[in-house]
Structures are given as structure tokens and as C-alpha cells.
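Undergrad: Before we start, here is the structure in question, set down as C-alpha cells.
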Amino acid sequence: MKIKLFYIVLFTVFLGALPVIAQNKITLETGYFNPKRIGSQTSETYFDAIRIGALYEYNLKYNFALQSGLFYNIGYSNKTQKYISTDSVVYKTWSHALEIPIRVVYNQPLFKDFKIFGYAGPNIQIGIAQNQKVISNLTAPLESMTGIQSGNNNLFKNNLNLVNFQLGAGGGVQWRQFILKSGYDWGLNNLDKTKKDYIHQGQWYVSFGYQIK
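Residue numbers (my numbering): 980 to 1192.
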């Protein structure tokens, strides 16, 4: 309940700041991104995901700007872990999270209505839910040895930390009010609640935006 209240307060503050934000630039943005989670003892898990939100850009001197905003993202992973013979385990996972990027941007106009830009800075992901369905196709001895059984689990409850701190960089082009960009965020902190492994999550993405002047 406390976590849900935090999200409501965060979203309310963001909406309340819109009149001030409008004095500079707001970009409505949506796109595809491909998170990858991996650990020293954990195999790679890839998600196909989309996100939608808004960015606020505060102009500084010499073509620099500060940029931040709020995004909601949703992703899906369908992973099959194979064992000996025909044994396998299928992990189907839905992920929901909020993101708060904080970037320093450099804009370079090339000619009228067209510019290129680059940016770098942290990105903070705050997990909402990560529901996983496990389908075990293991023999009884292997299931007993691994402890893996079919069932459902919210990974944020027992397995993963809610907050994923990332550091990223990227760039793109802008023509008039239309923006196309791409970048990568590297995961910095350990997401494993149990401390038995070091799990981090990074992501590549491509986004399309429309800037409101």
C-alpha cells in the first residue's frame, strides 16, 4: 500500500509541475526498448518492451540543456531454460515499471529546422510489478534437485530490488518538432535481494518523440 501511495504522489507532483514545465520544452515520447538481465550465476533474460511518457528540457547556455521526465514501461519475456534430455523450464514474465531519466543534452543545429544531439546521465527505474509464471517440464528427480516447480511469483516480492540505477548515453536527430533517438543504459546496482548473485539489468532502446513548443 505504501509503494502504491508513493507512485500516486510522484505522478501528482509531475502533473502539478506541468504549468511550470510548459515555459520551456516538453516532448511526448514513445518507443521500443530491449532490457537484458544477467548475473554471474543467472542466465540472460531478454524483454521486449515499450514505454510512453514525457520529457522536460530546460535550456542552458552554449547549446546545452538539462532533461528529465517520467515514463511508464511494460515488457514481456518468454524464456526457456533447457536441461538434459527433454527437460526444460519455461519462464513467462510481465514487467511494469516507472522511469525517471536525468540527462545533460548537447544540441548542434545543422541547418534550418534540423539538428543533431547527444546526451548522457543517469536513469532510475522503479519497479511496480514483475509477475512470472513458471512452467516446469522437469522429471521428478531433477525437480527435487533444482527445487524448481510450476507456479506464479511476483519477483519484486522476494527476488528482485525495486530500484534499478542506470547510467546511459545516446543521441538522435530532430526535424522541426519530430525527434528520433537511440541509446543504451547500463545497470549499476545489484538487483538480487538474496545477495546470492550479482544481477544487473541494462537496456537498448529507440524512441520517437513530438516536441510541444
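Glycine included, every Cβ here is placed at the ideal spot set by N, Cα and C.
Bear in mind the structure is a predicted one, so any value in this text is a computation, not a measurement.
Between LEU1141, TYR1062, LEU1170, TYR1041, which has its C-alpha nearest PHE1198's C-alpha?
TA: Since the displayed the chain opens at 980 and closes at 1192, residue 1198 lies outside it and no answer follows.
Undergrad: Looking only at its own chain, which residues have a Cβ that is under 7 Å from the Cβ of VAL1185, when we skip the five neighbours before and after it?
TA: The residue given as residue 1185 occupies position 206 in the sequence shown. Once the five neighbours on either side are set aside, the close Cβ partners of VAL1185 are GLY1010, TYR1011, SER1161.
Undergrad: Does LYS1058 come out as helix, strand or coil in the three-state DSSP assignment?
TA: Stepping through the sequence shown from its first residue, residue 1058 is reached at position 79. Reduced to three states, the DSSP call for LYS1058 is strand.
Undergrad: Taking only runs of the beta strand (DSSP E) that begin and end inside the region 1060-1136, which ones reach a length of at least 3 residues, in chain order?
TA: You should have 1067-1090, 1093-1115, 1130-1133.
Undergrad: Are the CB atoms of TYR1055 and ARG1030 nearer to each other than 8 Å?
TA: Here residue 1055 corresponds to residue number 76 of the sequence shown, with the count starting at 1. Here residue 1030 corresponds to residue number 51 of the sequence shown, with the count starting at 1. For TYR1055 and ARG1030, no; Cβs fall outside 8 Å.
Undergrad: Can you tell me the Cα-Cα spacing of ASP1066 and LEU1089, whole angstroms?
TA: Locating residue 1066 in the sequence shown gives position 87, where the first residue counts as 1. Locating residue 1089 in the sequence shown gives position 110, where the first residue counts as 1. Each residue's alpha carbon lies about 58 Å from the other.
Undergrad: Nearest-angstrom Cα distance between PHE1135 and ARG1016?
TA: One-based indexing of the sequence shown puts residue 1135 at position 156. One-based indexing of the sequence shown puts residue 1016 at position 37. PHE1135 and ARG1016: Cα-Cα distance of roughly 14 Å.
Undergrad: Looking at the structure shown, is SER1019 part of a helix, part of a strand, or coil, going by DSSP?
TA: Stepping through the sequence shown from its first residue, residue 1019 is reached at position 40. Coil, per DSSP.
Undergrad: With a cut-off of 8 Å, do at least 3 Cβ pairs link the region 1099-1111 to the region 1067-1074?
TA: Judged by Cβ distances under 8 Å, the region 1099-1111 makes contact with the region 1067-1074, as three or more pairs qualify.
Undergrad: What are the boundary residues of the beta strand (DSSP E) that PHE1026 is part of?
TA: Here residue 1026 corresponds to residue number 47 of the sequence shown, with the count starting at 1. Element bounds for PHE1026: n/a, residue is neither H nor E.
Undergrad: Report all residues from its chain with a CB closer than 6 Å to the CB of GLY1188; omit the five preceding and five following residues, and keep chain order.
TA: Start at 1 with the first residue of the sequence shown, and residue 1188 comes out as number 209. Taken in chain order, the residues that qualify are THR1006, GLU1008, ILE1158.
Undergrad: Do you know offhand how far LYS1058's Cα is from PHE1026's?
TA: Translated into the one-based positions of the sequence shown, residue 1058 becomes position 79. Translated into the one-based positions of the sequence shown, residue 1026 becomes position 47. Approximately 9 Å between the Cα atoms of the pair.
Undergrad: Roughly how many angstroms lie between the CA atoms of ASN1137 and ASP1171, to the nearest whole one?
TA: By one-based count along the sequence shown, residue 1137 stands at place 158. By one-based count along the sequence shown, residue 1171 stands at place 192. Cα-Cα distance, rounded: 9 Å.
Undergrad: For the candidate residues GLY1147, ARG1082, LEU1039, whose alpha-carbon lies nearest to that of LEU1167?
TA: Counting from one through the sequence shown, the residue named residue 1167 turns up at place 188. If we check each option's Cα against that of LEU1167, GLY1147 comes out closest.
Undergrad: Note down, in chain order, each residue of its chain lying with its Cβ closer than 6 Å to the Cβ of ASN1132, except the 5 sequence neighbours on either side.
TA: In the sequence shown, the residue the question calls residue 1132 occupies position 153. The answer, listed in chain order, is GLN1111.
Undergrad: Since ASN1105 contacts VAL1142 with CB under 8 Å, what's their CB separation in whole angstroms?
TA: As a first step, residue 1105 must be located in the sequence shown, where it is residue number 126. As a first step, residue 1142 must be located in the sequence shown, where it is residue number 163. Reading off the sequence, residue 1105 comes out as Ile, not Asn. 6 Å between Cβ atoms; contact.
Undergrad: Grab me the residues of GLN1060's own chain with a C-beta within less than 6 Å of its C-beta, minus the 5 sequence neighbours each way, in chain order.
TA: Start at 1 with the first residue of the sequence shown, and residue 1060 comes out as number 81. Counting only Cβ-Cβ distances below 6 Å, and skipping sequence neighbours, we find VAL1068.
Undergrad: Quick one: does THR1059 have its CB under 8 Å from some CB of chain B?
TA: The structure shown has no chain B; it contains just one protein chain.
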